[in-house]
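Chain order of the listed sequences is A and B.
Throughout the first sequence, residue numbering follows this note's numbering, covering 1 to 23 in sequence.
Throughout the second sequence, residue numbering follows this note's numbering, covering 1001 to 1399 in sequence.
Don't be surprised by glycine CBs; every beta carbon is placed ideally from N, CA and C.
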Amino acid sequence: EVMPTLDMALFDWTDYEDLKPEV
Amino acid sequence: ADPCYDEGGAPRGCVPGLVNAALGREVLASSTCGQPATRACDASDPLRAHPATLLTVAGGSASSVCWRSDMLQRVPLNVTLTVALGKAFELVFVSLRFCSAPPASVALLKSQDHGRNWAPLGFFSSHCALDYGRPHAPLDGSGGPGPEALCFPALQAQPDGGGLMAFSVQDGSPPGLDLDSSPVLQDWVTATDIRILLTRPAVPGDTRDLDAIVPYSYSATELQVGGRCKCNGHASRCLLDAQGHLICDCRHGTEGPDCGRCKPFYCDRPWQRATARETHACLACSCNGHARRCRFNMELYRLSGHRSGGVCLNCRHNTAGRHCHYCQEGFYRDPDRSLSDRRACRACDCHPVGAAGKTCNQTTGQCPCKDGVTGLTCNRCALGFQQSRSPVAPCVKTP
């Protein structure tokens, strides 16, 4: 079974703004 | 066929041929007759001039016209003839044919730095101690343990009234010294300039006595400086460069007027002179096609057993290492491409959330994944995990 790739839109960056990668 | 390489293309020691290095070179004479003009010599009249150019002109021996000094009437009676060879030569002999009775004392000097400093090669005199403060050379021509300037008997007049100074660099050099293996002998035979000092005329009486001197002039033709263009065994000929300077046509990864250093990229081992047994060619650094420059490191050279000391500089195409033989941090080796391929190193491309870092395994390309994350770039949740909303723990166990 191949799992789907991580969906960046699902992540909540509220508490991790400084970790958020530049797109 | 290039004499510096064998039939199989392997380098081998090579030397330029023996030539008269003085041929066509300008000779500076400290005294030349004809200025002002006299009945016998007029510098402005080609038919009555005796310029120093006659000493090194082609076919000089066939000419009946000789260089002639001014009439010397006052002590000292020194006249110098200086010829710049244009670059370093390895001398074999120096000869000068005199058109009148040869001088009673002659000193032969050489310079290795284009005329800044001078050192004696040899002397000819009937009074060595008096003229040069030296003993007469032993009859067998042997000297001390190393090459040295010896004082030989005065030049003898020949039946035609002239005379010949013939100096071999072997005179003054102890037998058994081998040019290949003796740096002292290599130094002894090397010269960029030759100077001949005519210090005492062949006239009767004490030439230190002003009253005893009758007017006298030196006269000579055909100055020959037999030698090989010095290329340290790395060229078979010398050429004129764009500026008209004589330089070696260097091979074996060497460069410089005398092939005296390795070319910039050929520094995998230190420069050495070629010998009959060992070519000592400069070797190109091994950079797998990813660098254009390298430097030599003696410590690495010693550690390698004198095999390789080159260190590549500014490895390109995301490569790194002494030979640009592995990938920079953040890149990994593509197993489907050769090491010399411009795209031999691929970016890790680790997932910005799923990976715990940006550096992957340089061999496999595997990024370090956070718990529950899998895939080469850590871009998927592992079996039994599902995506969360937290970028710190992107995959959590499935309830």
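Out of B/Val1065, B/Gly1059, B/Leu1023 and B/Arg1025, the CA that lies nearest to the CA of aspartate 1042 of chain B is found in B/Val1065.
Of the residues assessed, aspartate 1045 of chain B falls on the exposed side of the cut-off, its CB having fewer than 16 other CB atoms within 10 angstroms.
In the DSSP annotation of this structure, the continuous segment of the alpha helix (DSSP H) that includes leucine 1303 of chain B starts and ends at 1298-1303.
For valine 1353 of chain B, at least one C-beta of chain A is nearer than 8 Å to its own C-beta.
Between the segment 1118-1138 of chain B and the segment 1238-1258 of chain B there are fewer than three C-beta pairs closer than 8 Å, too few to call the two in contact.
Beta-bridge annotation (DSSP): aspartate 1160 of chain B is not paired with any residue. Here cysteine 1315 of chain B has His1290, Ala1291 and Cys1324 as same chain residues with Cβ atoms under 6 Å from its own Cβ, once five neighbours each way along the sequence are excluded.
One Cα belongs to glycine 1162 of chain B, the other to histidine 1252 of chain B, and the distance between them is close to 47 Å. Contacts with chain B at 8 Å (Cβ-Cβ) do not include glutamate 17 of chain A. A Cβ-Cβ separation of about 11 Å leaves cysteine 1231 of chain B out of contact with proline 1003 of chain B under the 8 Å criterion. Taking 8 Å as the cut-off, the Cβ atoms of alanine 1276 of chain B and glycine 1013 of chain B count as close.
Three or more Cβ pairs closer than 8 Å define a contact, and the segment 1144-1156 of chain B meets that threshold against the segment 1169-1189 of chain B. A Cβ-Cβ contact shorter than 8 Å links alanine 1088 of chain B with threonine 1190 of chain B.
When the five nearest sequence neighbours on each side are left out, the beta carbons in the same chain lying within less than 6 Å of the beta carbon of glutamine 1272 of chain B are those of His1280, in order along the chain. Distance from the Cα of arginine 1200 of chain B is smallest, within the candidate group B/Leu1155, B/Arg1389 and B/Asp1178, for B/Leu1155. Using a Cβ distance threshold of 8 Å, arginine 1295 of chain B and cysteine 1267 of chain B count as a contacting pair. Relative to alanine 1104 of chain B, the option among B/Val1353, B/Gln1366 and B/Tyr1218 whose CA is nearest is B/Tyr1218.
Here proline 1215 of chain B is exposed, its C-beta having fewer than 16 other C-beta atoms within 10 Å.
When beta bridges are read from the DSSP output, tryptophan 1067 of chain B appears opposite B/Ala1220. Residue pairing of glutamine 1387 of chain B in beta bridges, as defined by DSSP: B/Cys1395.
Contact annotation for cysteine 1348 of chain B against chain A: no contact, minimum CB-CB distance about 14 Å [criterion: below 9 Å]. Contact of cysteine 1381 of chain B with chain A is assigned, a C-beta pair being separated by under 8 Å. Residue range 1128-1132 is occupied by the alpha helix (DSSP H) that includes cysteine 1128 of chain B.
The shortest C-alpha to C-alpha distance from glutamate 1329 of chain B to any of B/Cys1350, B/Leu1339, B/Gly1375 and B/Asp1336 is the one to B/Cys1350. Among the CB atoms of chain A, none fall inside 8 Å of the CB of glutamine 1366 of chain B. Linking glutamate 17 of chain A to proline 1394 of chain B through their CA atoms gives a straight-line distance of about 15 Å.
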